[in-house]
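Report on the structure given below.
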Amino acid sequence: MLINSKELLINARREGKAIGHFNVFNYESAKGVISAINGKKKPSFVAITETTIRYAGLGVITSIVKEIAKEIETDFVMHLDHGKNPELIKECIEAGFTSVMIDGSAFHFEENVDITKKVIALARPKEVSIEAELGHVGRVGEIMSKGYFSKPSRALEFVELTEVDSLAVAVGTIHGLVTEMNIDYNRLKEISSKVKVPLVIHGGTGLTTKDIYKLISNGVSKINIDTSLRIAFMRGLKQNITEADPRGALTYATAEVKTVTEKLIEKFEKGAKGDE
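Going by our numbering, the sequence shown runs without a break in its numbering and finishes at 571.
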(Lines of atoms letter the chains of each structure in order from A; the text may use other names.)
(Lines give C-alpha, C1' and ligand atoms only; values in the text may rest on other atoms or scores of the structure.)
Protein backbone atom coordinates (compact mmCIF):
# COMPACT_ATOMS: atom_id res chain seq x y z
CA MET A 296 0.00 0.00 0.00
CA LEU A 297 1.17 3.53 -0.72
CA ILE A 298 1.72 5.52 2.47
CA ASN A 299 2.58 9.03 3.60
CA SER A 300 6.21 9.27 4.73
CA LYS A 301 5.88 11.58 7.72
CA GLU A 302 5.55 9.04 10.54
CA LEU A 303 7.90 6.62 8.78
CA LEU A 304 10.73 9.15 8.90
CA ILE A 305 9.94 10.37 12.40
CA ASN A 306 10.09 6.81 13.71
CA ALA A 307 13.34 6.15 11.83
CA ARG A 308 15.00 9.12 13.46
CA ARG A 309 13.73 8.08 16.88
CA GLU A 310 15.06 4.55 16.39
CA GLY A 311 18.44 5.58 14.95
CA LYS A 312 17.76 4.10 11.52
CA ALA A 313 17.37 5.40 7.98
CA ILE A 314 14.72 4.79 5.36
CA GLY A 315 15.98 3.90 1.90
CA HIS A 316 15.08 6.10 -1.05
CA PHE A 317 15.50 4.28 -4.36
CA ASN A 318 15.03 5.97 -7.73
CA VAL A 319 13.34 3.98 -10.50
CA PHE A 320 13.13 4.78 -14.20
CA ASN A 321 11.35 1.88 -15.95
CA TYR A 322 9.48 -1.37 -15.32
CA GLU A 323 12.57 -3.45 -14.52
CA SER A 324 14.09 -0.99 -12.05
CA ALA A 325 10.74 -0.54 -10.32
CA LYS A 326 10.23 -4.32 -10.16
CA GLY A 327 13.70 -4.84 -8.68
CA VAL A 328 13.34 -2.12 -6.05
CA ILE A 329 9.80 -3.00 -4.99
CA SER A 330 10.61 -6.72 -4.84
CA ALA A 331 13.53 -5.93 -2.53
CA ILE A 332 11.35 -3.77 -0.29
CA ASN A 333 8.77 -6.52 -0.08
CA GLY A 334 11.32 -9.25 0.50
CA LYS A 335 12.97 -7.34 3.34
CA LYS A 336 9.60 -6.16 4.66
CA LYS A 337 11.01 -2.66 5.16
CA PRO A 338 8.87 0.26 3.99
CA SER A 339 10.97 2.53 1.76
CA PHE A 340 10.74 5.27 -0.86
CA VAL A 341 10.20 4.40 -4.50
CA ALA A 342 11.27 7.65 -6.13
CA ILE A 343 10.73 9.16 -9.55
CA THR A 344 12.55 12.18 -10.96
CA GLU A 345 11.38 14.87 -13.35
CA THR A 346 13.85 13.42 -15.87
CA THR A 347 12.15 10.02 -15.67
CA ILE A 348 8.74 11.64 -16.06
CA ARG A 349 9.95 13.36 -19.24
CA TYR A 350 11.39 10.04 -20.44
CA ALA A 351 8.51 7.67 -19.66
CA GLY A 352 5.51 9.93 -19.11
CA LEU A 353 3.85 10.60 -15.75
CA GLY A 354 0.92 8.26 -16.38
CA VAL A 355 3.12 5.42 -17.60
CA ILE A 356 5.69 5.41 -14.78
CA THR A 357 3.11 5.86 -12.01
CA SER A 358 0.95 3.09 -13.48
CA ILE A 359 3.96 0.75 -13.51
CA VAL A 360 4.71 1.45 -9.85
CA LYS A 361 1.06 1.11 -8.80
CA GLU A 362 0.57 -2.15 -10.70
CA ILE A 363 3.67 -3.73 -9.15
CA ALA A 364 2.49 -2.50 -5.74
CA LYS A 365 -0.65 -4.65 -6.07
CA GLU A 366 1.56 -7.75 -5.90
CA ILE A 367 3.23 -6.95 -2.57
CA GLU A 368 2.32 -6.65 1.10
CA THR A 369 4.93 -4.15 2.35
CA ASP A 370 4.03 -0.46 2.41
CA PHE A 371 6.09 2.07 0.49
CA VAL A 372 6.16 5.76 -0.38
CA MET A 373 5.82 6.97 -3.98
CA HIS A 374 7.99 10.07 -4.02
CA LEU A 375 8.86 12.81 -6.49
CA ASP A 376 12.61 13.45 -6.25
CA HIS A 377 14.02 16.92 -6.96
CA GLY A 378 10.76 18.48 -8.07
CA LYS A 379 11.43 21.98 -9.35
CA ASN A 380 8.31 22.79 -11.32
CA PRO A 381 5.30 23.56 -9.07
CA GLU A 382 2.87 22.70 -11.88
CA LEU A 383 4.43 19.27 -12.32
CA ILE A 384 4.44 18.77 -8.55
CA LYS A 385 0.70 19.49 -8.59
CA GLU A 386 0.24 16.90 -11.34
CA CYS A 387 2.21 14.36 -9.32
CA ILE A 388 0.05 14.95 -6.25
CA GLU A 389 -3.06 14.45 -8.39
CA ALA A 390 -1.49 11.28 -9.86
CA GLY A 391 -1.24 9.70 -6.41
CA PHE A 392 2.26 10.51 -5.17
CA THR A 393 2.33 10.30 -1.37
CA SER A 394 5.45 12.43 -0.97
CA VAL A 395 7.03 15.21 -3.04
CA MET A 396 10.28 17.12 -2.90
CA ILE A 397 10.35 20.78 -3.77
CA ASP A 398 13.95 21.60 -4.66
CA GLY A 399 14.34 25.34 -4.28
CA SER A 400 18.02 25.07 -3.46
CA ALA A 401 19.03 27.15 -6.50
CA PHE A 402 17.10 30.15 -5.13
CA HIS A 403 18.01 32.65 -2.45
CA PHE A 404 16.81 31.75 1.02
CA GLU A 405 13.65 33.88 0.93
CA GLU A 406 12.65 32.55 -2.50
CA ASN A 407 13.25 28.97 -1.35
CA VAL A 408 11.00 29.57 1.64
CA ASP A 409 8.31 31.09 -0.58
CA ILE A 410 8.21 28.30 -3.18
CA THR A 411 8.32 25.64 -0.45
CA LYS A 412 5.33 27.19 1.32
CA LYS A 413 3.40 27.27 -1.97
CA VAL A 414 4.01 23.54 -2.51
CA ILE A 415 3.05 22.79 1.08
CA ALA A 416 -0.26 24.56 0.47
CA LEU A 417 -0.86 22.19 -2.46
CA ALA A 418 0.28 19.03 -0.69
CA ARG A 419 -1.07 19.26 2.87
CA PRO A 420 -4.78 19.07 1.97
CA LYS A 421 -4.00 15.82 0.09
CA GLU A 422 -2.01 14.41 3.06
CA VAL A 423 1.14 14.34 0.92
CA SER A 424 4.50 14.69 2.70
CA ILE A 425 6.90 17.46 1.67
CA GLU A 426 10.69 17.43 1.54
CA ALA A 427 12.72 20.56 0.80
CA GLU A 428 16.43 21.25 0.33
CA LEU A 429 18.63 23.93 1.85
CA GLY A 430 22.16 24.44 0.57
CA HIS A 431 23.39 22.75 -2.58
CA VAL A 432 24.35 19.10 -3.03
CA GLY A 433 26.75 19.13 -5.96
CA ARG A 434 27.23 16.75 -8.85
CA VAL A 435 30.32 15.02 -10.17
CA GLY A 436 32.47 17.60 -11.93
CA GLU A 437 31.11 20.62 -10.06
CA ILE A 438 33.57 22.77 -8.15
CA MET A 439 32.16 22.82 -4.65
CA SER A 440 33.09 24.68 -1.47
CA LYS A 441 31.63 24.81 2.01
CA GLY A 442 29.90 28.01 0.98
CA TYR A 443 27.31 25.76 -0.70
CA PHE A 444 26.74 23.72 2.46
CA SER A 445 23.66 24.07 4.67
CA LYS A 446 24.07 26.57 7.51
CA PRO A 447 22.75 25.28 10.86
CA SER A 448 21.06 28.53 11.90
CA ARG A 449 19.46 28.93 8.48
CA ALA A 450 18.26 25.33 8.56
CA LEU A 451 16.41 25.98 11.80
CA GLU A 452 14.92 29.20 10.44
CA PHE A 453 13.87 27.48 7.21
CA VAL A 454 12.05 24.67 9.02
CA GLU A 455 10.32 27.08 11.37
CA LEU A 456 9.15 29.29 8.49
CA THR A 457 7.97 26.49 6.19
CA GLU A 458 6.98 23.68 8.61
CA VAL A 459 8.33 21.24 6.03
CA ASP A 460 8.17 17.52 6.92
CA SER A 461 11.81 16.68 6.12
CA LEU A 462 14.89 18.61 5.09
CA ALA A 463 17.63 17.62 2.65
CA VAL A 464 20.93 19.08 3.78
CA ALA A 465 24.22 19.70 2.00
CA VAL A 466 27.19 18.58 4.10
CA GLY A 467 29.61 17.27 1.49
CA THR A 468 27.89 14.40 -0.32
CA ILE A 469 27.86 14.47 -4.12
CA HIS A 470 25.36 13.26 -6.71
CA GLY A 471 26.78 10.61 -9.03
CA LEU A 472 29.59 8.06 -8.90
CA VAL A 473 32.44 9.29 -6.73
CA THR A 474 35.19 7.47 -4.86
CA GLU A 475 35.68 9.97 -2.05
CA MET A 476 33.56 12.55 -0.24
CA ASN A 477 34.62 14.92 2.52
CA ILE A 478 31.57 15.03 4.76
CA ASP A 479 31.36 17.79 7.34
CA TYR A 480 30.05 15.75 10.27
CA ASN A 481 30.42 18.60 12.75
CA ARG A 482 28.09 20.70 10.60
CA LEU A 483 25.62 17.82 10.32
CA LYS A 484 25.71 17.25 14.07
CA GLU A 485 24.96 20.93 14.71
CA ILE A 486 22.09 20.94 12.22
CA SER A 487 20.68 17.79 13.80
CA SER A 488 20.81 19.37 17.26
CA LYS A 489 18.83 22.39 16.06
CA VAL A 490 16.42 20.88 13.55
CA LYS A 491 13.96 18.31 14.83
CA VAL A 492 12.40 17.24 11.53
CA PRO A 493 14.00 14.23 9.80
CA LEU A 494 17.13 15.02 7.79
CA VAL A 495 17.77 13.68 4.29
CA ILE A 496 21.05 12.96 2.51
CA HIS A 497 21.24 13.13 -1.28
CA GLY A 498 24.15 11.70 -3.22
CA GLY A 499 24.22 8.34 -1.47
CA THR A 500 25.98 6.29 -4.14
CA GLY A 501 29.52 7.22 -3.12
CA LEU A 502 29.01 6.62 0.59
CA THR A 503 31.08 4.00 2.36
CA THR A 504 29.39 1.68 4.83
CA LYS A 505 31.09 3.61 7.63
CA ASP A 506 29.73 6.88 6.23
CA ILE A 507 26.22 5.46 6.17
CA TYR A 508 26.35 4.46 9.82
CA LYS A 509 27.93 7.76 10.86
CA LEU A 510 25.36 9.82 8.98
CA ILE A 511 22.52 7.95 10.65
CA SER A 512 24.23 8.38 14.03
CA ASN A 513 24.09 12.12 13.43
CA GLY A 514 20.36 12.33 12.78
CA VAL A 515 19.92 11.38 9.12
CA SER A 516 16.63 9.55 8.54
CA LYS A 517 16.63 9.05 4.76
CA ILE A 518 19.43 8.34 2.27
CA ASN A 519 18.85 8.73 -1.47
CA ILE A 520 20.21 6.20 -3.96
CA ASP A 521 20.06 6.63 -7.73
CA THR A 522 23.35 6.11 -9.58
CA SER A 523 24.08 2.79 -7.83
CA LEU A 524 20.83 1.37 -9.18
CA ARG A 525 21.45 2.53 -12.73
CA ILE A 526 24.92 1.00 -12.63
CA ALA A 527 23.45 -2.25 -11.28
CA PHE A 528 20.85 -2.24 -14.04
CA MET A 529 23.47 -1.86 -16.77
CA ARG A 530 25.68 -4.51 -15.17
CA GLY A 531 22.83 -6.99 -15.25
CA LEU A 532 21.89 -6.02 -18.78
CA LYS A 533 25.37 -6.82 -20.05
CA GLN A 534 25.36 -10.30 -18.49
CA ASN A 535 22.92 -11.85 -20.94
CA ILE A 536 22.65 -9.77 -24.10
CA THR A 537 21.39 -11.74 -27.08
CA GLU A 538 20.42 -10.63 -30.54
CA ALA A 539 17.02 -12.32 -30.45
CA ASP A 540 15.36 -11.66 -27.08
CA PRO A 541 15.99 -8.71 -24.76
CA ARG A 542 13.85 -10.18 -21.99
CA GLY A 543 16.63 -12.40 -20.69
CA ALA A 544 19.01 -9.48 -20.29
CA LEU A 545 16.30 -7.36 -18.68
CA THR A 546 15.60 -10.15 -16.18
CA TYR A 547 19.26 -10.03 -15.14
CA ALA A 548 19.06 -6.25 -14.87
CA THR A 549 16.04 -6.53 -12.56
CA ALA A 550 17.85 -9.05 -10.37
CA GLU A 551 20.93 -6.82 -10.04
CA VAL A 552 18.79 -3.85 -9.00
CA LYS A 553 17.02 -6.02 -6.44
CA THR A 554 20.29 -7.29 -4.95
CA VAL A 555 21.79 -3.83 -4.56
CA THR A 556 18.58 -2.51 -3.01
CA GLU A 557 18.42 -5.39 -0.52
CA LYS A 558 21.99 -4.80 0.67
CA LEU A 559 21.36 -1.10 1.17
CA ILE A 560 18.14 -1.72 3.09
CA GLU A 561 20.11 -3.96 5.46
CA LYS A 562 22.66 -1.21 6.12
CA PHE A 563 20.00 1.45 6.61
CA GLU A 564 18.11 -0.80 9.02
CA LYS A 565 21.26 -1.43 11.07
CA GLY A 566 21.65 2.31 11.23
CA ALA A 567 23.42 3.93 14.15
CA LYS A 568 24.13 0.50 15.67
CA GLY A 569 26.37 -0.33 12.72
CA ASP A 570 28.94 2.11 14.05
CA GLU A 571 29.20 0.39 17.44
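Positions of the beta carbon are idealized from the N, C-alpha and C atoms, including for glycine.
Contact annotation: the segment 332-347 touches the segment 554-568, with at least three C-beta pairs closer than 8 angstroms.
Counting along the chain, Gly-315 sits inside the beta strand (DSSP E) bounded by residues 314-318. Arg-309 has its alpha-carbon roughly 19 angstroms from the corresponding atom of Val-372. If only complete runs of 3 or more residues are kept, the segment 442-506 shows the beta strand (DSSP E) at 461-464, 494-496, in order along the chain. Classified as buried, Val-492 has 16 or more neighbouring CB atoms from the shown chains inside 10 Å of its CB.
Glu-406 counts as exposed, since fewer than 16 other C-beta atoms from the protein chains shown sit within 10 angstroms of its C-beta.
DSSP places Ser-400 outside both helix and strand once states are collapsed to three, so it counts as coil. Note on the segment 366-423: whole alpha helix (DSSP H) runs with a minimum of 4 residues are 381-389, 404-418, in chain order.
When DSSP states are grouped into helix, strand and coil, Lys-337 belongs to the coil group. Just so you know, the alpha carbons of Ile-384 and Val-515 end up roughly 25 angstroms apart. Take the alpha-carbon of Ser-487 and the one of Leu-462: they are about 10 angstroms apart. Within a 10 Å sphere around the beta-carbon of Tyr-547 sit 16 or more other beta-carbons, which makes this residue buried. Annotation for Ile-356: the continuous alpha helix (DSSP H) segment containing it runs 353-364.
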